[in-house]
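What follows is one structure encoded as structure tokens, with my remarks underneath.
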Amino acid sequence: MQWQQPGDVIFSRAPELVTLVGLAPTSSVLYSDPPLGVEEVRTLTTTGITVTTPLERLARERPLSGKNIALSMSESTDIRRFGFDNIHFEAAMLELTRYLLVKGATLVYGGHLGSAGYTVKLAELVRAHNQSEGVDPVERIVSYIGWPLPLDKKLQSRYKGVATLKRIPRPEGIDEHMHGNFSANPSFFPGDKSPEHRYAWARGMTAMRMAETNETCARIVLGGTFGPTVKVQADGSRSEQWYFGRIPGLLEELLLSIEADQPVFLIGAFGGVASLVIDIIEGRDRAEITWDYQKHAPHAEAMRALYDARHESWWDYPEMVKFLRGKGIAGLNPHLTEEEHRELFRTRDIMRMVQLIVQGLDGV
């Protein structure tokens with residue numbers, strides 16, 4: 010094993026009390042990832058034996074305590090084209106976040122808080138794998154709630170003690186005079202209801218992503234929708250849906266991070282926005298990052314007219330492509346070599362993804 014040290018006893022799977030019988034109390038056991046939960050580790054270490062995994066050692070060598078890492082992870086529009094499905098995607102997301110937590114990072118994301126959201130899953134990981142005694146999960150997960158996503162007292166109570174919720178207020182220039190739905194704390198309304206609703210959503214999501222970027226130091230990008238995507242609804246039904254923002258959400262997030270000179274990690278194995286941007290950076294044109302493609306989203310052209318009429322900034326797709334190609338691979342993260350970036354673009358090995366990300370966060 011790469012992280013083996015002199016005197017290690019190697020286990021191919023997680024140790025149990027019965028498998029430690031016969032080892033000297035001062036032994037050091039190195040076993041295969043993923044790591045055990047904190048309660049299991051506490052039980053095993055009563056024997057005096059140290060138990061650890063390779064990536065736990067790597068994490069301890071490069072602590073990220075106090076660092077806010079942005080997670081840009083959502084369903085991928087074309088994941089099946091890459092031979093995966095959402096089960097594989099979720100497994101990758103959980104493994105990546107597991108090691109960031111072991112490393113001591115604070116995980117930051119913007120998104121919904123429904124049953125399929127990240128918040129509950131991330132909180133469970135914190136509780137199971139937090140290696141710092143006395144640190145509550147709420148201190149390790151930050152969720153940005155952008156207007157117009159609802160945030161009422163019932164929802165706040167449900168997530169009390171699970172995550173720190175940061176509400177981003179309604180953008181300037183959007184209020185009830187524009188539409189009756191646009192109160193400071195609205196009930197949910199879809200972004201595809203009208204051009205005004207799409208415009209309001211777009212402004213709110215941009216404000217949220219800018220605030221998130223200002224308070225994070227790096228971003229991990231996995232998946233992402235860039236066009237019509239089949240999504241599972243709360244009642245179990247499936248429907249095709251576009252994104253509600255001005256541009257695909259993960260695309261906007263990574264552009265903001267690159268503009269801010271933050272390290273960005275693009276994982277291409279699951280397709281989506283991450284793979285789309287990889288293609289652009291490597292010189293391959295994609296129809297999906299053109300206005301001719303994106304204008305087919307609901308009310309896109311009318312929304313753009315509202316941006317023009319209100320003199321709001323509109324960064325068009327040719328400028329995005331030029332910006333990304335100008336930055337190139339070197340502009341993503343100076344802590345990884347070009348070869349390592351390309352490996353992250355293509356590897357399907359979750360453990361290797363973790364190793365490259367942890368390595369690339371060194372010195373952040």
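Going by this note's numbering, the letters in the sequence shown line up with residues 10 to 373, in that order. From the three backbone atoms N, C-alpha and C, an ideal C-beta is built for every residue, glycine too.
Residues of its chain near residue i, where Cβ-Cβ distance is below 7 Å and the 5 sequence neighbours each way are ignored
{"i": "methionine 219", "result": "Leu265"}
{"i": "isoleucine 289", "result": "Arg295, Ile298, Val330, Leu333 and Arg334"}
{"i": "glycine 277", "result": "Ala283, Ser284, Ile287, Phe354 and Arg355"}
{"i": "arginine 319", "result": "Gly182"}
{"i": "phenylalanine 197", "result": "Pro159"}
{"i": "glutamate 148", "result": "none"}
{"i": "arginine 66", "result": "Trp12"}
{"i": "glycine 372", "result": "His344"}
{"i": "valine 363", "result": "Leu64, Glu104, Leu105 and Tyr108"}
Residue closest to residue i, alpha-carbon to alpha-carbon, out of the options
{"i": "lysine 175", "options": "Glu99, Val373, Leu164 and Ile183", "result": "Leu164"}
{"i": "proline 195", "options": "Pro204, Asp201, Glu205 and Asp184", "result": "Asp184"}
{"i": "threonine 62", "options": "Ile88, Gln14 and Thr55", "result": "Gln14"}
{"i": "tyrosine 302", "options": "Phe235, Ala79 and Arg313", "result": "Phe235"}
{"i": "isoleucine 359", "options": "Pro272, Lys202 and Met102", "result": "Met102"}
{"i": "glycine 280", "options": "Val373, Ala309, Arg179 and Ser83", "result": "Ser83"}
{"i": "glycine 233", "options": "Pro204, His206 and Leu263", "result": "Leu263"}
{"i": "tyrosine 3", "options": "Arg255, Arg89 and Val117", "result": "Outside the displayed span of the chain (10 to 373) sits residue 3, for which this structure offers no information."}
{"i": "glycine 16", "options": "Pro34, Val30, Arg22 and Ala23", "result": "Pro34"}
{"i": "leucine 370", "options": "Leu105, Ser246 and Glu205", "result": "Leu105"}
{"i": "lysine 336", "options": "Val367, Ala172 and Val273", "result": "Val273"}
{"i": "proline 178", "options": "Val367, Met362 and Met214", "result": "Met214"}
{"i": "arginine 228", "options": "Pro199, Ser246, Asp325 and Ile267", "result": "Ile267"}
{"i": "glycine 119", "options": "Glu348, Met217, Pro157 and Tyr326", "result": "Met217"}
Same chain, Cβ closer than 6 Å to residue i, neighbours up to 5 away in sequence not counted
{"i": "threonine 59", "result": "Ser37"}
{"i": "leucine 260", "result": "Val282"}
{"i": "leucine 160", "result": "Ile154 and Arg176"}
{"i": "tyrosine 316", "result": "Trp323"}
{"i": "glutamate 249", "result": "Pro237 and Val239"}
{"i": "alanine 269", "result": "Thr222"}
{"i": "serine 141", "result": "Below a pLDDT of 50, predicted positions are generally treated as unreliable, and serine 141, at 46, falls in that range; no measurement from the model is reported."}
{"i": "arginine 357", "result": "Ala278"}
{"i": "alanine 211", "result": "Gly254 and Arg255"}
{"i": "lysine 304", "result": "Glu310"}
{"i": "aspartate 201", "result": "Pro307"}
{"i": "leucine 45", "result": "Ala23"}
{"i": "lysine 76", "result": "Ala114 and Cys226"}
{"i": "glycine 258", "result": "Tyr252"}
Buried versus exposed call for residue i [16 or more other C-beta atoms within 10 Å across all chains shown]
{"i": "leucine 26", "result": "exposed"}
{"i": "glycine 284", "result": "A small fix is needed here, since residue 284 is serine in this sequence, not glycine. It is buried - the Cβ of serine 284 has at least 16 other Cβ atoms within 10 Å."}
{"i": "serine 152", "result": "buried"}
{"i": "glycine 143", "result": "Because the pLDDT at glycine 143 is just 47, under 50, the model does not fix this residue reliably, and the point stays unresolved."}
{"i": "phenylalanine 98", "result": "buried"}
{"i": "serine 192", "result": "exposed"}
{"i": "phenylalanine 253", "result": "buried"}
{"i": "histidine 292", "result": "Residue identity check: residue 292 is glycine in the sequence provided, not histidine. Per the 10 Å Cβ criterion, exposed."}
{"i": "threonine 54", "result": "exposed"}
{"i": "tryptophan 300", "result": "exposed"}
{"i": "threonine 52", "result": "exposed"}
{"i": "arginine 89", "result": "exposed"}
{"i": "serine 81", "result": "buried"}
{"i": "glycine 57", "result": "exposed"}
{"i": "valine 30", "result": "exposed"}
{"i": "arginine 361", "result": "exposed"}
{"i": "threonine 346", "result": "exposed"}
{"i": "alanine 314", "result": "exposed"}
Residue range of the alpha helix (DSSP H) that includes residue i
{"i": "leucine 29", "result": "26-29"}
{"i": "alanine 311", "result": "309-318"}
{"i": "alanine 306", "result": "Where alanine 306 is concerned, there is no enclosing alpha helix (DSSP H), given that its DSSP letter is neither H nor E."}
{"i": "asparagine 95", "result": "95-111"}
{"i": "phenylalanine 274", "result": "Unbroken run through phenylalanine 274 is the beta strand (DSSP E), 273-276; no alpha helix (DSSP H)."}
{"i": "arginine 295", "result": "Taken as a continuous stretch (DSSP letters only), arginine 295 belongs to no alpha helix (DSSP H), as it is neither H nor E."}
{"i": "tyrosine 326", "result": "326-336"}
{"i": "threonine 86", "result": "That residue, threonine 86, is in no alpha helix (DSSP H); it is neither H nor E in DSSP."}
{"i": "isoleucine 366", "result": "359-369"}
{"i": "arginine 351", "result": "347-355"}
{"i": "threonine 52", "result": "47-53"}
{"i": "tyrosine 260", "result": "According to the sequence displayed, residue 260 carries leucine and not tyrosine. From DSSP, the alpha helix (DSSP H) with leucine 260 extends over 258-268."}
Own chain residues within Cβ distance below 8 Å of residue i, not counting five before or after
{"i": "histidine 350", "result": "Leu275, Ile338, Leu341 and Asn342"}
{"i": "valine 18", "result": "Leu32, Ser36, Ser37, Val38 and Leu39"}
{"i": "phenylalanine 20", "result": "Thr28, Val38, Leu39, Tyr40 and Ser41"}
{"i": "alanine 100", "result": "Ile359"}
{"i": "aspartate 94", "result": "Ile88"}
{"i": "methionine 187", "result": "Glu205 and Ala209"}
Opening and closing residue of the beta strand (DSSP E) in which residue i lies
{"i": "glutamine 250", "result": "247-250"}
{"i": "serine 387", "result": "For residue 387 there is no data in the structure shown, the boundaries of the chain being 10 and 373."}
{"i": "arginine 176", "result": "173-177"}
{"i": "glycine 119", "result": "115-119"}
{"i": "aspartate 17", "result": "17-20"}
{"i": "methionine 187", "result": "Counting along the chain, methionine 187 falls outside any beta strand (DSSP E), and DSSP gives it neither H nor E."}
{"i": "glycine 155", "result": "150-155"}
{"i": "tyrosine 40", "result": "37-40"}
Residue i beta carbon near the ligand SAH (any heavy atom closer than 7 Å)
{"i": "isoleucine 19", "result": "As far as ligands go, the structure on display features none, and thus does not contain the ligand SAH."}
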